[in-house]
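Per my numbering, residue 2 is the first one in the sequence shown, and the count goes up by one each step.
The C-beta atom is built at its ideal place from N, Cα and C for all residues, glycine as well.
Presented below is the structure to which this report refers.
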Amino acid sequence: MLFTYTTIFALHMASLALGKPAPTSLSRAKGRDIDTLQTYAQEAYTKAQAELENTGNVKRGACSLSNLRIRREWNALSDGEKKAYIDAVKCLQSKPALTPASAAPGAKTRFDDFVGTHINQTQTIHYTGNFLSWHRYFTWLYEEALRGECGYQGTQPYWDWALTAETGLANSTIFDGSDLSMSGDGAFIPGQADIVLGASSGLPPIYLPPGTGGGCVTSGPFKDMVVNLGPAALDAPGGVVVTNPEGPLAHNPRCLRRSLTDYSNRAFANASSVLSNVVEPQNVYDFQMQMQGVPGTGDMGIHGGGHYALGGDPGRDVYTSPGDPAFYLHHGMIDRVWWIWQMQEPASRRYGDVALMGTNTFLDSPPSANTTFDDYVDYGYAAGPPRRIKELMSTTDGPFCYVYL
Ligand SMILES: *[C@@H]1O[C@H](CO)[C@@H](O)[C@H](O)[C@H]1NC(C)=O
Ligand SMILES: *[C@@H]1O[C@H](CO)[C@@H](O)[C@H](O)[C@H]1NC(C)=O
Ligand SMILES: *[C@@H]1O[C@H](CO)[C@@H](O)[C@H](O)[C@H]1NC(C)=O
Ligand SMILES: *[C@@H]1O[C@H](CO)[C@@H](O)[C@H](O)[C@H]1NC(C)=O
Ligand SMILES: [Cu+2]
């Protein structure tokens, strides 16, 4: 436990020492935000633990302190644990798909089953009432596949954007391109135009620099990985949106491209962005809108900030984004922030009126019913079973038994 906080603190101090200017009031303020966030995370952990102690969960197979799993930040994993995670992901990428070719001809591997399901449902799982619960269960099912089908013994690690906002992505142990990273940047393509998000919406777009790569990932465990599915709606440089004319579920083998974009991480997913998302919203509608960014405001939130920090293909394609294996570290952190927010008011924010808001379609377009606790989420050929949203509101109830450190 202490190790995580010590690591984070040490990293933060290291980033200050790495030839950066002496701490100004601004960097001190950032330091405080990181520390404050850790306090909220610790409180969530303590409350979750106390709940499990107090309920003395007697249901057979129920979550208890003895089977509680702890998801940790990438830096808190030992070298052996990082290697085990990476090997399990590569294992999933080597097993044949369960999706029939008639449903998604491009889904070739078990890893692709998850990508195909996400592509298929994108319009009904983002800017919707089920956004958080859908992605919580999706990430958990992926973790379960790593464990059950690939012998992984660990838990799903997460990417703390507040840390990479300080160190820079390419300097982080997640993206430094070493053998124990999630691979590094794509090959640098000079002269790329800016990324323009939402240009066709009629609202003010968001401009992002093109990032430091653009080409195929050249280092680390996933440099030879083949991306099979998509693109569906890839934001490419110059405001171009690329779609595979054969359809996003067709077979379109290509390299994994990245273009690490520190600007996106630092401008939208820094420590103070995470902290304000944790402390300000008083209901889940405001929470999930702040996280995804209110269109037209120029802010893409911590969710967009992390996604677009990866850049490349499929990183900049909302539909196909799980095709970059770093997706699951990003969504681990999304889920962690939701959990920290929920645990401030565990009763009302998991099961009360403020816990589930929004409708069943992307920004309610086309208009649809409000999402309810009795609605199901399902994952097609990737995994199952379908579950009611009310089963997915707590990380220590329903199918789940995990917390974050
Ligand atoms: C996409 O969703 C539809 C409707 O639920 C389903 O019939 C189809 O099998 C799904 N395809 C994939 C590839 O998951
Ligand atoms: C990475 O660290 C080096 C110092 O080791 C520093 O000069 C560089 O600016 C850092 N990169 C980013 C993107 O912050
Ligand atoms: C941190 O993120 C917020 C948005 O969440 C932004 O307004 C602020 O400018 C960012 N800070 C820095 C130093 O970029
Ligand atoms: C849908 O939810 C909103 C609040 O999130 C509420 O104001 C509205 O009345 C609900 N609509 C229906 C039909 O229940
Ligand atoms: Cu998603």
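Does the count of Cβ pairs from the segment 319-338 and the segment 100-120 closer than 8 Å reach three? The segment 319-338, when compared against the segment 100-120, does touch it at the 8 Å Cβ threshold.
Using a Cβ-Cβ cutoff of less than 6 Å, which residues in the same chain neighbour Lys31 once the five nearest sequence positions on both sides are dropped? Start at 1 with the first residue of the sequence shown, and residue 31 comes out as number 30. Confidence at Lys31 is low in this model, with a pLDDT of 49, below 50, so its placement is unreliable and the value that follows should be read with caution. Same-chain partners within the cutoff: Ala272.
Best match in Tyr264, Trp339 and Ser67 for proximity to Ala310 [C-alpha to C-alpha]: The residue you call residue 310 lines up with position 309 of the sequence shown. Taking only the C-alpha atoms, the option nearest Ala310 is Tyr264.
In DSSP terms, what Ile190 is bridged to: One-based indexing of the sequence shown puts residue 190 at position 189. Answer by DSSP bridge pairing: none, since Ile190 is not bridged.
Relative to the alpha-carbon of Asn371, which residue among Gly130, Gly152, Arg73 and His119 has its alpha-carbon at the smallest distance? Position 370 of the sequence shown, counted from the start, is the residue given in the question as residue 371. Ranking Gly130, Gly152, Arg73 and His119 by Cα distance to Asn371 puts Gly130 first.
Is Glu74 helix, strand or coil by DSSP? As a first step, residue 74 is located in the sequence shown; it is residue number 73 there, counting from the start. If DSSP states are grouped into helix, strand and coil, Glu74 belongs with the strands.
Roughly how many angstroms separate the alpha carbons of Lys48 and Met344, rounded to a whole number? The residue you call residue 48 lines up with position 47 of the sequence shown. The residue you call residue 344 lines up with position 343 of the sequence shown. Spanning the two alpha carbons is a distance of roughly 7 Å.
Relative to ligand 3, is the shortest distance from any of its heavy atoms to the C-beta of Ser273 smaller than 6 Å? For the purposes of this step, residue 273 is taken as residue 272 along the sequence shown, with counting starting at 1. Inclusion of Ser273 in the 6 Å shell around ligand 3 follows from its C-beta lying nearer than that to a non-hydrogen atom of the ligand.
What does DSSP give as the partner residue(s) for Asp318 in the beta ladder? Residue numbering aside, residue 318 sits at position 317 when the sequence shown is read from its first letter. Leu235.
With DSSP as the reference, label Val355 as helix, strand or coil. Within the sequence shown, numbered from 1, the residue matching residue 355 stands at position 354. Here Val355 sits in coil by DSSP.
Where does Gly199 fall in DSSP's three states? Along the sequence shown, one-based indexing puts residue 199 at 198. Correct three-state label for Gly199: coil.
For Thr219, does the three-state DSSP call read helix, strand or coil? Translated into positions along the sequence shown, residue 219 becomes position 218. Coil, per DSSP.
Tell me the residue span of the beta strand (DSSP E) that contains Gly299. As a position in the sequence shown, residue 299 is number 298, starting the count at 1. Per DSSP, Gly299 belongs to no beta strand (DSSP E) and is neither H nor E.
Report yes if the CB atom of Thr118 is closer than 7 Å to the CB atom of Tyr329, and no otherwise. Translated into positions along the sequence shown, residue 118 becomes position 117. Translated into positions along the sequence shown, residue 329 becomes position 328. Result no, Cβ atoms of Thr118 and Tyr329 do not sit closer than 7 Å.
Might you give, ordered along the chain, the residues of its own chain that have their beta carbon closer than 7 Å to the beta carbon of Trp135, omitting 5 neighbours on each side? If you number the sequence shown from 1, residue 135 lands on position 134. These residues qualify, in order along the chain: Ile126 and Val378.
Which one or two residues does DSSP pair with Ala171 in a beta bridge? Numbered from 1 along the sequence shown, position 170 holds the residue referred to as residue 171. Bridge partners of Ala171: none, in fact.
On a CA-only basis, which of Ala166, Pro210, Pro191 and Leu276 is nearest Tyr41? Give me that one, please. Indexing the sequence shown from 1 puts residue 41 at position 40. Of Ala166, Pro210, Pro191 and Leu276, the residue nearest in Cα terms is Leu276.
How is the beta strand (DSSP E) around Leu250 delimited, first residue to last? Residue mapping note: residue 250 aligns to position 249 of the sequence shown, counting from 1. Here Leu250 belongs to no beta strand (DSSP E), and DSSP marks it neither H nor E.
The segment 192-210 contacting the segment 234-247, beta-carbon criterion three pairs below 8 Å: Output reads yes: the segment 234-247 touches the segment 192-210.
Excluding the 5 residues preceding and the 5 following Ser1 in the sequence, name in chain order all residues of the same chain whose CB lies nearer than 8 Å to its CB. There is no way to answer for residue 1, as the model of the chain reaches only from 2 to 406.
Let me know if Tyr405 comes out buried or exposed under the rule of 16 or more other beta-carbons within 10 Å of its beta-carbon. Along the sequence shown, read from residue 1 onward, the residue named residue 405 stands at position 404. Tyr405 comes out buried.
Excluding sequence positions up to five away, which residues of its chain have a Cβ less than 8 Å from the Cβ of Leu27? The residue you call residue 27 lines up with position 26 of the sequence shown. Note on Leu27: pLDDT 46, under 50, position unreliable in the model; the coordinate value appears next. Excluding the 5 residues flanking it on each side, Leu27 has no same chain C-beta neighbour closer than 8 Å.
CA-to-CA distance, Glu144 to Tyr138, given in whole angstroms: Along the sequence shown, read from residue 1 onward, the residue named residue 138 stands at position 137. Along the sequence shown, read from residue 1 onward, the residue named residue 144 stands at position 143. When rounded, the distance between both Cα atoms is 10 Å.
Can you confirm whether the segment 241-258 touches the segment 210-228 when touching is taken to mean that 3 or more C-beta pairs between the two stretches lie within less than 8 Å? In short, these stretches touch, since the Cβ pair count reaches three.
Please say whether Ile335 and His304 have beta carbons closer to each other than 7 Å? Working through the sequence shown from its first residue, we reach residue 304 at position 303. Working through the sequence shown from its first residue, we reach residue 335 at position 334. Pairing His304 with Ile335 gives a Cβ-Cβ distance under 7 Å.
Test item: CB-CB of Tyr320 and Ile120 under 7 Å: By one-based count along the sequence shown, residue 320 stands at place 319. By one-based count along the sequence shown, residue 120 stands at place 119. Yes.
C-alpha gap between Thr397 and Ala146, whole angstroms: By 1-based counting over the sequence shown, the position of residue 397 is 396. By 1-based counting over the sequence shown, the position of residue 146 is 145. Straight-line spacing of the CA atoms in Thr397 and Ala146 works out to 19 Å.
Residue range of the beta strand (DSSP E) that Tyr208 falls in? In the sequence shown, counting from the first residue as 1, residue 208 sits at position 207. Its beta strand (DSSP E) spans residues Ile207 to Leu209.
Compute every distance between the C-beta of Ala268 and the non-hydrogen atoms of ligand 3, then say whether any falls below 6 Å. For this step, residue 268 is matched to residue 267 along the sequence shown. Ala268 has its Cβ nearer than 6 Å to a heavy atom of ligand 3.
Cα-Cα separation, Gln50 to Thr165: As a first step, residue 50 is located in the sequence shown; it is residue number 49 there, counting from the start. As a first step, residue 165 is located in the sequence shown; it is residue number 164 there, counting from the start. Inter-residue distance for Gln50 and Thr165 is about 29 Å (C-alpha atoms, whole angstroms).
DSSP-derived helix/strand/coil call for Asn284: By one-based count along the sequence shown, residue 284 stands at place 283. DSSP places Asn284 in coil when its eight states are reduced to three.
Express the C-alpha separation of Trp340 and Ala234 in angstroms, rounding to a whole number. As a first step, residue 234 is located in the sequence shown; it is residue number 233 there, counting from the start. As a first step, residue 340 is located in the sequence shown; it is residue number 339 there, counting from the start. Approximately 30 Å between the Cα atoms of the pair.
Cβ-Cβ separation, Leu261 to Gly216 (assumed contact under 8 Å), whole Å: To locate residue 216, count along the sequence shown from 1; it is residue 215. To locate residue 261, count along the sequence shown from 1; it is residue 260. Separation of the CB atoms of Gly216 and Leu261 is rounded to 12 Å, and the pair is thereby denied contact status at 8 Å.
Coarse secondary structure for Asp88, derived from DSSP in three states: By 1-based counting over the sequence shown, the position of residue 88 is 87. Assignment of Asp88 by DSSP, reduced to helix, strand and coil, places it in the helix class.
Are Arg350 and Tyr159 close, meaning C-beta to C-beta below 7 Å? Within the sequence shown, the letter at position 349 stands for residue 350. Within the sequence shown, the letter at position 158 stands for residue 159. No, the pair does not count as a contact, with Cβ atoms beyond the cut-off.
Check whether the Cβ of Asn229 sits closer than 6 Å to any heavy atom of ligand 6, and report yes or no. Ligand 6 is absent from the structure shown, which contains only ligand 1, ligand 2, ligand 3, ligand 4 and ligand 5.
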